[in-house]
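Worksheet for the structure shown next.
Have a look at this one:
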């Protein structure tokens with residue numbers, strides 16, 4: 001477990017309104033965008049893989065939230081699903097290429113789960129969004145692989161980075177695709193964002 | 198016309214692969230996200246207002262692209278449309294409140310047009326995306342207005358900022374809502390992004 005400050009917060013000061021149990025820079029960026037006063041404590045857990053993506057992301061979000069101390073902890077997990085398969089983080093460039101070729105010219109589904117633990121209580125929520133890739137030719141895939149951005153990304157792409165150039169359209173919550181389902185989080189805990197002082 | 202460097206580029210050096218004829222920081226952020234090597238030269242033009250939004254954003258994008266010198270210039274414009282009305286930038290907080298109350302709990306359409314001028318030729322493209330706001334109560338609107346983010350934003354909100362907490366879901370190109378229709382730009386000029394060296 002690593003403690004990192006978010007929103008310019010000093011890690012040694014109080015933990016803010018929320019502890020984010022994730023090392024993901026994109027999740028941190030979303031909370032910063034929303035103006036949430038939070039601290040990052042990345043959870044070091046053995047994540048579950050495979051199985052039903054809707055259940056998987058909630059289970060993993062909960063694993064992460066429970067693994068980290070704090071008075072209010074948010075865990076999150078994201079999975080890319082296509083034809084009943086869950087695409088994890090590619091192990092190597094060849095697997096990233098296979099993922100991108102599989103996602104080309106069609107729609108897939110991104111699932112994101114969140115879990116919020118607070119004083120012995122826990123709440124979870126899950127969201128999905130459809131993402132349509134444009135038809136990718138060999139040059140597109142070569143270019144994207146050359147950016148290196150596929151590394152450590154579920155499904156082998158990052159919509160909020162160069163990967164934005166692969167996407168034709170989405171249907172649902174954009175932040176769910178990035179890694180944190182904001183609309184679901186606002187429903188679960190509006191006081192974190194909208195009604196915070 | 199103001200010259201500002203993008204992507205860490207020195208404004209006095211060559212202008213990169215592209216001149217962006219817009220002062221919008223969100224458009225600049227999108228091009229940076231995509232790794233485009235560009236320079237910003239904000240166009241100082243009298244934009245058209247009202248009328249058919251699809252035509253309006255293309256006309257304004259072209260006005261901007263033509264107003265700025267450069268060997269390859271990109272203009273862009275964005276409009277928020279609801280019930281046949283185009284919502285511009287709110288003149289004051291009271292108008293921003295009226296916009297948010299009007300957009301609450303329903304879908305509206307965001308149109309973004311682009312124009313690319315190069316050696317006497319010009320190409321244009323337009324895209325639209327549907328944005329669904331959740332039901333906003335008085336506290337939600339008060340909170341959002343208090344962030345000040347409504348200023349200088351078509352429709353009175355910024356989806357890539359605190360305004361992300363107002364949005365339930367979108368249908369289409371997220372970047373079109375932010376202000377630059379990336380999927381359309383990639384179709385128009387793939388060499389700018391995907392196939393750039």
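Chains as they are written, first to last, in our numbering: chain A, 1 to 197; chain B, 198 to 394.
Backbone N, C-alpha and C define an ideal beta-carbon position, used for all residues, glycine too.
Since we're looking at a predicted model, the values are computed, not measured.
356, 357, 358, 359, 361, 362, 363 and 364: these are the residues of the segment 348–364 of chain B whose beta carbon lies less than 9 Å from some beta carbon of chain A, given in chain order. Distance from the Cα of residue 77 of chain A is smallest, within the candidate group A:189, A:35 and A:128, for A:128. Ranked by how close their Cα comes to the Cα of residue 118 of chain A, the residues A:157, A:67, A:132 and A:96 have A:67 in first place.
Out of A:153, A:155, A:99 and A:116, the CA that lies nearest to the CA of residue 192 of chain A is found in A:116. Relative to residue 345 of chain B, the option among B:301, B:302 and B:287 whose CA is nearest is B:287. Close CB contacts of residue 258 of chain B within its chain, under the 8 Å cut and outside five residues either way in sequence, are with 272, 273, 274, 310, 311, 312 and 321 (chain order). Each residue's CA atom was taken as its position, placing residue 295 of chain B and residue 167 of chain A some 33 Å apart.
At a cut-off of 8 Å between beta carbons, residue 67 of chain A makes no contact with chain B. With a minimum length of 4 residues, the unbroken runs of alpha helix (DSSP H) contained wholly in the segment 123–187 of chain A fall at 138–147 and 174–178. Excluding the 5 residues flanking it on each side, residue 330 of chain B has same chain C-beta neighbours closer than 7 Å at 300, 301, 302, 303, 363, 364 and 365, in chain order. Residue 189 of chain A has its alpha-carbon roughly 15 Å from the corresponding atom of residue 334 of chain B. Among the residues facing chain B, residue 97 of chain A is not included, as its CB has no counterpart in that chain under 8 Å away. Residue state for residue 278 of chain B is assigned as strand, using DSSP reduced to three classes.
For the pair residue 21 of chain A and residue 73 of chain A, the CB atoms are nearer than the 8 Å cut-off. With a threshold of 16 other beta carbon atoms within 10 Å, residue 291 of chain B falls short and is exposed. In the DSSP assignment, residue 231 of chain B falls outside any alpha helix (DSSP H), carrying neither H nor E. Per DSSP, the beta bridge partners of residue 109 of chain A are A:81 and A:130. The residue among B:351, B:222 and B:235 with its C-alpha nearest the C-alpha of residue 214 of chain B is B:235. Boundaries of the beta strand (DSSP E) around residue 215 of chain B: 215–217.
Legend: CB atoms of the segment 15–34 of chain A lying less than 9 Å from CB atoms of chain B belong to residues 30, 33 and 34. In terms of Cα proximity to residue 40 of chain A, the closest of A:46, A:47, A:31 and A:108 is A:31.
Residue-level contact by beta carbon holds for residue 391 of chain B and chain A, with a gap shorter than 8 Å. Separation of residue 242 of chain B and residue 221 of chain B (C-alpha to C-alpha, rounded to the nearest whole angstrom) is 14 Å. The contact set of residue 182 of chain A on chain B, defined by CB atoms closer than 9 Å, consists of 361, 362 and 364 in chain order. In terms of CA proximity to residue 176 of chain A, A:110 leads the group A:150, A:143 and A:110. Per DSSP, reduced to three states, the secondary structure at residue 48 of chain A is coil, with no helix or strand assignment. When the beta-carbon positions are compared, residue 356 of chain B and residue 170 of chain A stay at least 8 Å from each other. Contact note: residue 383 of chain B reaches chain A through 134 and 165, using a C-beta cutoff of 8 Å and chain order. Just measuring C-alpha positions, the residue of A:85, A:161 and A:101 sitting nearest residue 231 of chain B is A:161. Straight through space, the alpha carbons of residue 244 of chain B and residue 181 of chain A are spaced by roughly 36 Å. Close CB contacts of residue 246 of chain B within its chain, under the 8 Å cut and outside five residues either way in sequence, are with 253, 283 and 285 (chain order). Rounded to the nearest whole angstrom, the CA to CA distance from residue 239 of chain B to residue 122 of chain A is 49 Å. Rounded to whole angstroms, the separation of the alpha carbons of residue 141 of chain A and residue 82 of chain A is 18 Å.
Counting C-beta atoms within 10 angstroms of its own C-beta, residue 349 of chain B has fewer than 16 neighbours from the protein chains shown and is therefore classed as exposed.
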